[in-house]
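Novice: In this note's numbering, the protein residues as written are -8 to 701. The beta carbon of each residue, even a glycine, is placed where N, CA and C say it ideally should be. A quick note: this is a predicted structure, and the numbers were derived from the prediction, not measured.
1) When the distance is taken between beta carbons, is residue 239 closer than 8 Å to residue 308?
2) So which of 622, 254, 113 has the shortest CA-CA distance to residue 147?
3) Cα separation between residue 670 and residue 651?
4) What residues match up with residue 155 in a beta bridge as DSSP calls it?
5) Counting only beta-carbon atoms, is residue 553 nearer than 8 Å to chain D?
6) Could you pull the start and end residues of the alpha helix (DSSP H) that residue 263 belongs to?
7) Roughly how many whole angstroms lie between the Cα atoms of residue 445 and residue 567?
8) For the 8 Å Cβ check, are there 3 or more pairs between the stretch 636 to 655 and the stretch 459 to 471?
9) Comparing alpha-carbon positions, which option in 263, 339, 437 lies nearest residue 510?
10) In this structure, how does DSSP classify residue 534 when only helix, strand and coil are distinguished?
11) Below 8 Å, can you find three or more Cβ-Cβ pairs linking the stretch 242 to 252 to the stretch 319 to 336?
12) Taking Cβ to Cβ, would you say residue 55 is nearer than 8 Å to residue 212?
13) By alpha-carbon positions, which one of 477, 394, 376, 378 ends up nearest to residue 384?
14) Are residue 227 and residue 634 close, meaning C-beta to C-beta below 8 Å?
15) Could you check where the beta strand (DSSP E) with residue 101 kicks off and where it finishes?
16) Could you pull out every residue in the same chain whose Cβ sits closer than 6 Å to the Cβ of residue 496, ignoring the five residues on either side in sequence?
17) Please report the distance separating the alpha-carbon of residue 758 from that of residue 645.
18) From residue 46 to residue 484, what does the alpha carbon distance come to, in whole angstroms?
19) Using the Cα positions of residue 104 and residue 275, report the straight-line distance between them to the nearest angstrom.
20) For residue 612, does the count of other Cβ atoms within 10 angstroms reach 16, so buried, or fall short, so exposed?
21) Measure the beta-carbon distance from residue 120 to residue 110 and round it to whole angstroms, keeping in mind my assumption that it falls under 8 Å.
22) In the DSSP output, what is residue 396 paired with across the bridge?
23) Give the straight-line distance between the Cα atoms of residue 627 and residue 599, rounded to the nearest whole angstrom.
24) Determine the closest residue to residue 15 out of 326, 481, 679, with distance taken between C-alpha atoms.
25) Should residue 478 go down as buried or exposed, given a rule of 16 or more other Cβ atoms within 10 Å for buried?
26) CA-CA distance, residue 681 and residue 326?
27) Determine the contact status of residue 457 and residue 494, defining contact as a CB-CB distance below 8 Å.
28) With DSSP as the reference, identify every bridge partner of residue 417, one or two as the case may be.
29) Nearest CA to the CA of residue 516: which residue from 141, 145, 534, 502?
30) So, are the CB atoms of residue 593 and residue 270 less than 8 Å apart?
31) In angstroms, rounded to a whole number, what distance separates the CA positions of residue 89 and residue 81?
32) Classify residue 536: buried if its beta carbon has 16 or more other beta carbons within 10 angstroms, exposed otherwise.
33) Looking only at its chain, what residues have a beta carbon closer than 6 Å to the beta carbon of residue 18, apart from the 5 residues adjacent to it on each side?
34) On the DSSP letters alone, give me the boundaries of the beta strand (DSSP E) that residue 76 sits inside.
35) Could you work out which residue in 279, 317, 300 is closest to residue 257 when comparing CA atoms only?
36) Excluding the 5 residues flanking residue 382 on each side, which residues of the same chain have their C-beta closer than 7 Å to its C-beta?
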């Protein structure tokens, strides 16, 4: 009954084939239509990149521009020696228009330096300071107009205040003196109408304008940290690479010992972390300010502030304790399965030992992914900066043409200036009304979709290549004599020559799901402002469903690629056969596969934790390397997080080879059980060690004993 159920629902088990000796070499091209589709998509992607690079200018998102859209402080421009942007009236930057178009409705010019004194136009015009004041007027200003005309036409600011540069922009130098807000030595300022106002209004305008530039300033500070710490970051990543490689080499010869050492080390590291958190928690008892809660403190960019709170160390201690308990319980309940997983890892170590060049293949994948990321990022930046300068009419009074586009060259003599006598035609933003500019959103969408498609294709190529190489090892009856001379290169050549279309098909399905998830995230951000609970609920459900769908497709694709590497069938046939094979061995899959993933995760955590702790002690100046010390940083967590994330990626790259090897050997093992019975006529291809552990107490062991007795 059980065999009938398996044959009817989960396909027919593989039959004995005396000619089958592993990966089939006599194969044909699969999924040719998808191969052609991928080629056409790449051609279109290159065309989009060329168009973007022709029209784009990344300087638009990096450097400030004046009211005419000209860059400040850039070589080859008229403002090359004027690196700072000066606002005539910073108070107007508090307008909602700033949040909509990221442009203050006030004239802006490029200046050599920010003002260092308080001075009004009325006083400066009749004093020796007028030459100093003129540098903050529009270029080419001639003092041949009346006071009212100058201020009406926006030729000069009504007042300048002591300012400091922030992100190459001049903002009032605000400080408090005995509880009174001041700019320089002034508590009031004079507006364009000669009225004295409290400096608080100027402060509020500066604060709101600063909110617009806060993210950019943070990004610039992070960039500065990278420029002074990149050398040490690279050293940290090299250490992670050496540790990963050393761990893999030791795993090759001492798999069983290394796995148990890894488990014990992870437990000890977590135990030390709990002890360290408790000691810090006890040390801060009674210290002033240490009992403030995290909620009351709020978000602080300097993360060192949180280390002076007892609640922080208590949270760390609880998290580490939970991890410690979970890991210990898993080890207790899965101890027998861990022994089986160790045997599979040992077999994977032998396979990797016979295909040592497979350890270098992640570098190929990493290089190709870097190309995909670089092309996507550069194309996205050039697309977002390929707009043209748009000029609009700005006016503080009621004007019928307010907000309409204009030409700054002809505006003074055009009809618009007569309808809006106090208006100004100034740079508003970068945009455009042509067909190309209207299609920019679609081009960005296509850019993101192609990034997902090509990235998934690169990963799929690596999976098929490694699966083909390790399958050659498993299906060699005499190892390594029956293996091909260059199994990795043979598998790579077969994947590109015959199965580019199948890889494109699998990666296309995954890319569609991923782009849908990105779209849902975008819509979710838009719906947050609407406060529609039903829409939010539906959105959360959709995001959860597509997340699960993406995980399932990744799992199915991975096993389908193994079948493609072995049999050379198309994607759909391979996915179906792999799925049915796994379902016929669902108990082994559910337990063994996840146990090996858990062990590999512990290995990654051990490497990442070791390098992360070393980076933390170094960048917080707790240790020195010879005579060198860590450079001064705005945020010390920037290089630490970079080292931790980079270390995880490096460790994941090395362990992914072992993971693919284990999955390939497991599928081959399941196929071997269905094809053969262990007799002399139909011998198992698995090693004696795998046979002793995997078949112990199973029906296949009983069948093999009966065959041997006969």
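Specialist: Let me lay it out:
1) Here residue 308 is taken as the residue at index 317 of the chain shown, counted from 1. Here residue 239 is taken as the residue at index 248 of the chain shown, counted from 1. Taking C-beta atoms as the reference points, residue 308 and residue 239 fail to come closer than 8 Å.
2) Counted from its first residue, the chain shown places residue 147 at position 156. Comparing Cα positions, the closest option is 113.
3) For the purposes of this step, residue 670 is taken as residue 679 along the chain shown, with counting starting at 1. For the purposes of this step, residue 651 is taken as residue 660 along the chain shown, with counting starting at 1. Roughly 29 Å between the two C-alpha positions.
4) By 1-based counting over the chain shown, the position of residue 155 is 164. Under DSSP, residue 155 shares a beta bridge with 162.
5) This model lacks chain D altogether, as it is built from one protein chain only.
6) Within the chain shown, numbered from 1, the residue matching residue 263 stands at position 272. Looking at the DSSP string, the run of the alpha helix (DSSP H) that includes residue 263 is 246 to 274.
7) Mapped onto the chain shown, residue 445 falls at position 454. Mapped onto the chain shown, residue 567 falls at position 576. Their backbone Cα atoms lie some 24 Å apart in a straight line.
8) Three or more pairs of CB atoms, one per stretch, sit closer than 8 Å, so the stretch 636 to 655 contacts the stretch 459 to 471.
9) Within the chain shown, the letter at position 519 stands for residue 510. Each of 263, 339, 437 was checked against the Cα of residue 510, and the nearest Cα belongs to 437.
10) By 1-based counting over the chain shown, the position of residue 534 is 543. Looking at residue 534 - three-state DSSP - the assignment turns out to be helix.
11) Three or more beta-carbon pairs separated by less than 8 Å link the stretch 242 to 252 to the stretch 319 to 336, which places the two stretches in contact.
12) One-based indexing of the chain shown puts residue 55 at position 64. One-based indexing of the chain shown puts residue 212 at position 221. No. Outside cutoff.
13) Within the chain shown, the letter at position 393 stands for residue 384. The option with the nearest alpha carbon to residue 384 is 394.
14) As a working note, residue 227 is residue 236 in the chain shown. As a working note, residue 634 is residue 643 in the chain shown. Cβ atoms of residue 227 and residue 634: closer than 8 Å.
15) Residue 101 sits at position 110 when you count from the first residue of the chain shown. Residue 101 -> beta strand (DSSP E) spans 99 to 102.
16) Counting from 1 along the chain shown, the entry for residue 496 is found at position 505. 22, 25, 562.
17) Residue 758 is absent from the model: the chain starts at -8 and stops at 701.
18) On the chain shown, residue 46 is found 55 positions in, with the first residue counted as 1. On the chain shown, residue 484 is found 493 positions in, with the first residue counted as 1. So the alpha carbons of these two residues sit roughly 39 Å apart.
19) Your numbering for residue 104 matches position 113 in the chain shown. Your numbering for residue 275 matches position 284 in the chain shown. Here the alpha carbons of residue 275 and residue 104 stand approximately 46 Å from one another.
20) Taking the first residue of the chain shown as 1, we reach residue 612 at position 621. When all chains shown are included, residue 612 counts as exposed.
21) Counting from 1 along the chain shown, the entry for residue 120 is found at position 129. Counting from 1 along the chain shown, the entry for residue 110 is found at position 119. A Cβ-Cβ separation of about 6 Å places residue 120 in contact with residue 110 under the 8 Å criterion.
22) Position 405 of the chain shown, counted from the start, is the residue given in the question as residue 396. Beta-bridge partners assigned by DSSP to residue 396: 383.
23) On the chain shown, residue 627 is found 636 positions in, with the first residue counted as 1. On the chain shown, residue 599 is found 608 positions in, with the first residue counted as 1. Taking C-alpha positions only, residue 627 is separated from residue 599 by approximately 18 Å.
24) In the chain shown, the residue the question calls residue 15 occupies position 24. Considering only alpha carbons, the answer is 481.
25) As a working mapping, residue 478 is identified with position 487 in the chain shown. Per the 10 Å Cβ criterion, buried.
26) Position 690 of the chain shown, counted from the first residue, corresponds to residue 681. Position 335 of the chain shown, counted from the first residue, corresponds to residue 326. Residue 326 has its alpha-carbon roughly 18 Å from the corresponding atom of residue 681.
27) Here residue 457 refers to the residue found at position 466 when the chain shown is read from its first residue. Here residue 494 refers to the residue found at position 503 when the chain shown is read from its first residue. It is not a contact, given that the beta carbons lie outside the stated cut-off.
28) In the chain shown, residue 417 corresponds to position 426, counting from 1. Bridge pairing for residue 417: 383 [DSSP].
29) The residue labelled residue 516 in the question sits at position 525 within the chain shown. Answer by Cα proximity: 534.
30) Residue mapping note: residue 593 aligns to position 602 of the chain shown, counting from 1. Residue mapping note: residue 270 aligns to position 279 of the chain shown, counting from 1. Their beta carbons are not under 8 Å apart, which means residue 593 does not touch residue 270 by this criterion.
31) As a first step, residue 89 must be located in the chain shown, where it is residue number 98. As a first step, residue 81 must be located in the chain shown, where it is residue number 90. Unreliable placement is indicated for residue 89, whose pLDDT of 49 sits below 50; the coordinate value is still reported in the next sentence. Distance between residue 89 and residue 81, taken at the CA atoms: about 11 Å.
32) As a first step, residue 536 must be located in the chain shown, where it is residue number 545. Residue 536 is exposed by the Cβ-count criterion.
33) What you label residue 18 is simply residue 27 of the chain shown in a count that begins at 1. Cβ neighbours of residue 18 beyond the five flanking positions: 489, 559.
34) Taking the chain shown and counting its residues from 1, one reaches residue 76 at position 85. Secondary structure note for residue 76: its beta strand (DSSP E) is the uninterrupted segment 75 to 78.
35) Reading the chain shown from its first residue, position 266 is the one you call residue 257. Looking from the CA of residue 257, the closest CA among 279, 317, 300 belongs to 317.
36) Against the chain shown, residue 382 aligns to sequence position 391. Answer for residue 382: 396, 397, 398, 399, 416, 417, 418, 419, listed in chain order.
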